[in-house]
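Quick notes on the structure that follows.
In our numbering, the protein residues as written are 3 to 228.
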């Protein structure tokens with residue numbers, strides 16, 4: 003069955019919380035911005051761009067990880083620039099895990115926020131403009147408060163997705179204990195090592211957390227009956 007210590011549980015749990023929280027915040031901010039622009043914009047190629055923003059949700063995580071390696075690897079477009087000018091690489095550290103998690107989580111926030119923005123009655127915006135409010139003032143004071151349910155639900159689904167991220171994180175950040183080993187990676191390691199007790203504990207923790215988050219997200223997505 004194998005054995006475990008609470009220290010071995012705490013490390014991947016804390017790393018997972020750090021990665022997931024930061025990546026969810028980042029995915030939410032960027033997702034809201036792009037969702038608002040896409041919900042109001044009209045241009046040729048909009049459907050194609052929308053598909054690109056949604057792509058991380060359907061691509062195999064290893065494919066996404068490969069793209070990130072191409073961009074941020076030592077010989078990549080961005081990776082070589084960062085290494086040459088800042089002596090920094092995003093690979094095989096916590097930043098890489100956060101980036102991978104944020105990208106795979108982004109479409110969940112984007113699609114949920116975009117749906118909320120598109121469902122909003124245009125009269126609210128028109129009334130705000132009539133009162134002399136600017137586009138961004140209207141966005142901050144009118145649109146966001148009226149769309150918070152969909153945005154929050156998308157953020158929570160992104161959080162749940164980030165907790166289970168495996169493939170892209172493994173390729174970009176590696177599986178380094180106490181540095182980049184999240185719960186998903188720790189479960190993989192413990193199963194490979196035959197440590198069933200440790201595997202079961204981590205699976206239960208991850209499952210309960212995701213069930214609670216998804217239940218709350220589903221509740222928020224239900225439209226209230228007045």
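Backbone N, C-alpha and C define an ideal beta-carbon position, used for all residues, glycine too.
Bear in mind that the values here come from a model prediction, so they are computed numbers and not experimental data.
DSSP-derived helix/strand/coil call for residue i
i, result
"residue 227", "For residue 227, the predicted model reports a pLDDT of 47, less than 50, meaning its position is unreliable; a value from the coordinates is still stated below. Coil, per DSSP."
"residue 3", "Its pLDDT being 47, under 50, residue 3 is placed unreliably by the model, and the measurement read from it follows with that caveat. If DSSP states are grouped into helix, strand and coil, residue 3 belongs with coil."
"residue 123", "coil"
"residue 113", "helix"
"residue 184", "coil"
"residue 179", "coil"
"residue 12", "helix"
"residue 76", "coil"
"residue 92", "coil"
"residue 42", "helix"
"residue 195", "coil"
"residue 209", "helix"
"residue 20", "helix"
"residue 67", "helix"
"residue 136", "coil"
"residue 220", "helix"
Same chain, Cβ closer than 6 angstroms to residue i, five either side skipped, listed in chain order
i, result
"residue 11", "none"
"residue 63", "169 and 170"
"residue 114", "152, 155 and 156"
"residue 193", "201"
"residue 214", "none"
Limits of the alpha helix (DSSP H) - the one that residue i falls within
i, result
"residue 87", "79-88"
"residue 169", "169-175"
"residue 62", "Per DSSP, residue 62 belongs to no alpha helix (DSSP H) and is neither H nor E."
"residue 145", "Note, residue 145: premise wrong, no alpha helix (DSSP H); not H, not E."
"residue 157", "150-165"
Proximity test, residue i beta-carbon vs the ligand SAH heavy atom, cut-off 8 angstroms
i, result
"residue 168", "Among the components modelled here there is no ligand, and therefore nothing to report on the ligand SAH."
Cutoff 8 angstroms; reference residue i; Cβ partners in own chain excluding five residues on either side
i, result
"residue 212", "162, 165 and 166"
"residue 56", "109, 112 and 113"
"residue 51", "40"
Residue i versus the options, residue with shortest Cα-Cα distance
i, options, result
"residue 67", "198, 39, 100 and 36", "100"
"residue 2", "177, 91, 149 and 97", "The first residue shown for the chain is 3 and the last is 228, placing residue 2 beyond what the model contains."
"residue 38", "61, 121 and 81", "121"
"residue 207", "194, 219, 220 and 184", "184"
"residue 141", "191, 73 and 42", "42"
"residue 18", "51, 186, 191 and 70", "186"
Own chain, CB closer than 7 angstroms to residue i, minus 5 neighbours either side, in chain order
i, result
"residue 3", "Confidence at residue 3 is low in this model, with a pLDDT of 47, below 50, so the placement of that residue is unreliable and no value is reported for it."
"residue 117", "152"
"residue 227", "Per-residue confidence for residue 227 stands at a pLDDT of 47, beneath the threshold of 50, marking its modelled position as unreliable; no derived number is given."
"residue 79", "73"
Minimum Cβ-Cβ distance from residue i to chain B less than 9 angstroms
i, result
"residue 189", "Going by chain labels, chain B is absent from the structure shown, which holds only one protein chain."
> If we count Cβ pairs, one from each stretch, closer than 8 angstroms, do we get three or more for the segment 136-146 versus the segment 115-126?
Replying inline: yes
> Touching or not, the segment 84-91 and the segment 13-21, by the rule of three or more beta carbon pairs under 8 angstroms?
Replying inline: no
>> Counting beta carbon pairs with one atom in the segment 21-28 and one in the segment 99-118, are three or more of them shorter than 8 angstroms?
In response: yes
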